[in-house]
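Under our numbering, the first residue of the sequence shown is numbered 2, with each subsequent residue one higher.
Virtual Cβ for every residue (Gly too), placed ideally from N, Cα, C.
Worksheet: the structure to be examined is printed underneath.
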Amino acid sequence: MTDPHAVGVDIGGTKASAVRTAADGAVVARARAATPADDVPALLDAVLDVARAVLEPSVAAIGVGAAGLVEAATGRVRYAPNIAWREVDLVAAVELLGVPVVVDNDCTMAAIGEHRIGAGKGHDDLLYVGVGTGIGGGIVSGGRVQRGAHGFAGEIGHIVVEPDGVRCGCGARGCWETVASGSAISRLGRERLAPTADGPAVVAAALRGEEVAREILAEVGTRLGTGIAGLVNVLDPELVIVGGGAAAGAGDLLLEPARGAFAATVEGGGHRPQVPLVSAALGDEGAAIGAALRALEGVA
């Protein structure tokens with residue numbers, strides 16, 4: 002009998018991606034579809050579509066990574082700041098496909114993937130920072146994923162760093178993700194480059210060597226690194242893994258300024274073991290792959 006496969010789905014505000022993996026996390030099929038962040042029925046349809054596209058009889062379970070507050074005991078998405086999730090029973094919606102389903106936070110799923118087969122393999126204490134539309138986090142401590150009392154641990158993007166700053170998708174002002182995410186890159190691009198310049202356009206301009214675009218990525222990277230330093234002060238991980246679509250696109254144009262700011266602001270930088278800031282090995286598929294691996298836990 003062959004080992005069971007699993008489907009992992011990563012739901013974002015602009016796209017839903019699905020992978021089918023073998024038991025070792027190797028990807029054997031992929032699908033992707035655009036998603037409307039403000040239309041939950043259409044978003045659920047897109048999720049079912051991409052899952053069906055990679056589903057086959059070898060699939061024993063489906064894992065779903067969703068941004069926001071995902072209740073650990075039920076997989077219910079209670080709230081999300083950048084997607085219109087409000088008390089959505091995502092497990093029941095995806096179980097229509099006839100396969101057991103597990104739902105968790107997207108960055109928690111990414112942390113699982115990176116810990117088991119990615120950049121965090123062999124490390125028992127790590128922080129995953131997902132930089133996309135917003136910022137999310139996944140925490141592994143003592144070799145175990147940390148979800149907190151309700152499953153809501155890791156919402157690092159909503160630490161307020163500028164109380165009178167930009168309004169965040171969560172409703173507060175000056176959350177970390179308003180200054181250090183893909184949304185921040187897009188906002189600064191519109192302000193400093195062109196009214197239509199979004200994050201990918203800023204990155205493309207920076208890769209062409211345009212100075213203003215590079216300055217934007219350096220500014221956002223610096224804010225990213227400063228925030229990571231504070232989290233390292235609290236969590237004391239062995240390493241920090243930076244993933245997500247914005248981080249993958251910008252690469253070292255974002256990460257090098259982040260590393261510099263981190264080194265300059267972490268407590269006792271000259272008196273503590275080095276904490277590397279590394280790129281996610283699984284790229285922007287980390288959450289989907291981690292979700293597939295997590296799903297197989299219940300059927301192994």
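Which two residues bound the contiguous alpha helix (DSSP H) that contains residue i?
i            : result
leucine 297  : 287 to 298
arginine 224 : 212 to 236
alanine 264  : 253 to 266
alanine 93   : 91 to 95
arginine 1   : Here the chain covers residues 2 to 301 and nothing more, so residue 1 does not appear.
arginine 31  : From DSSP, arginine 31 is part of no alpha helix (DSSP H) but of the beta strand (DSSP E) over 28 to 35.
valine 51    : 41 to 55
proline 204  : One point to set straight first is that residue 204 is valine, not proline, in the sequence displayed. Taken as a continuous stretch (DSSP letters only), the alpha helix (DSSP H) holding valine 204 covers 200 to 208.
Cutting at 7 Å between CB atoms, please list the residues of its own chain near residue i, excluding the five before and the five after it.
i             : result
alanine 154   : Ile140, Gln147, Arg148
arginine 295  : Gly64, Val103, Asp105, Met110, Ile113
aspartate 191 : The displayed chain sequence assigns arginine, not aspartate, to residue 191. Counting only Cβ-Cβ distances below 7 Å, and skipping sequence neighbours, we find Ala198.
glutamate 96  : Val102
alanine 202   : Gly190
alanine 214   : Leu194, Val203, Ala206, Ala207
valine 226    : Inspection of the sequence shows that residue 226 is occupied by glycine rather than by valine. Taken in chain order, the residues that qualify are Pro258, Ala259, Arg260, Gly261, Ala262, Phe263.
By DSSP, does residue i sit in helix, in strand, or in coil?
i              : result
aspartate 105  : strand
histidine 6    : strand
aspartate 280  : A quick correction: the sequence has serine, not aspartate, at residue 280. It is a strand residue.
serine 182     : coil
threonine 15   : coil
leucine 127    : strand
glutamate 115  : helix
glycine 67     : It is worth fixing the name first, because residue 67 is alanine in this sequence and not glycine. Looking at alanine 67 - three-state DSSP - the assignment turns out to be strand.
glycine 76     : coil
isoleucine 140 : strand
alanine 247    : helix
glutamate 163  : coil
arginine 174   : strand
glutamate 156  : coil
arginine 193   : helix
arginine 188   : helix
For the ligand GTP, any of its heavy atoms closer than 6 Å to the Cβ of residue i?
i         : result
valine 65 : Absence of the ligand GTP from the depicted structure is noted, as is the absence of any ligand whatsoever, leaving it without description.
Given a threshold of 16 other Cβ atoms within 10 Å of its Cβ, counted over all protein chains shown, does residue i qualify as buried or as exposed?
i             : result
alanine 195   : exposed
arginine 77   : buried
aspartate 285 : buried
glycine 304   : Nothing about residue 304 can be reported from this structure: the residues present for the chain run from 2 to 301 only.
threonine 3   : exposed
valine 276    : buried
histidine 272 : exposed
proline 82    : buried
arginine 209  : exposed
arginine 224  : buried
histidine 151 : exposed
proline 164   : exposed
aspartate 90  : exposed
Sorted by chain position, which residues of the same chain lie with C-beta nearer than 6 Å to residue i's C-beta, five sequence neighbours on each side aside?
i              : result
alanine 85     : Asp39, Val41
leucine 1      : The displayed coordinates of the chain run from 2 to 301. Any statement about residue 1 would go beyond what the structure contains.
leucine 254    : Ala207, Leu218
valine 267     : Ala230, Val233
serine 142     : Asp126
aspartate 50   : Ala34
isoleucine 118 : Gly26
glycine 291    : Met110, Ala111, Ile113, Gly114
glycine 183    : Gly133, Thr134, Gly200, Ala247
Grab me the residues of residue i's own chain with a C-beta within less than 8 Å of its C-beta, minus the 5 sequence neighbours each way, in chain order.
i              : result
isoleucine 160 : Cys176, Trp177, Gly228, Gly231
glycine 252    : Ser280
valine 55      : Val8, Ala19, Val20, Arg21, Ala30, Arg31, Ala32
arginine 168   : Arg174, Thr179
leucine 98     : Leu49, Ala52, Arg53, Leu56, Ile63
alanine 249    : Ser280, Ala281, Gly284, Asp285
Kindly indicate the opening and closing residues of the beta strand (DSSP E) around residue i.
i           : result
leucine 240 : 240 to 244
task = Indicate whether the contact test is met: 3 or more Cβ pairs, each with one atom in the stretch 109 to 128 and one in the stretch 257 to 266, closer than 8 Å.
result = Counting Cβ pairs under 8 Å, fewer than three are found: no touch.
message = Check whether the stretch 66 to 82 and the stretch 237 to 246 are in contact - that is, three or more C-beta pairs closer than 8 Å.
response = no
ask   = Is the stretch 5 to 25 touching the stretch 130 to 139, taking contact as three or more C-beta pairs under 8 Å?
value = yes
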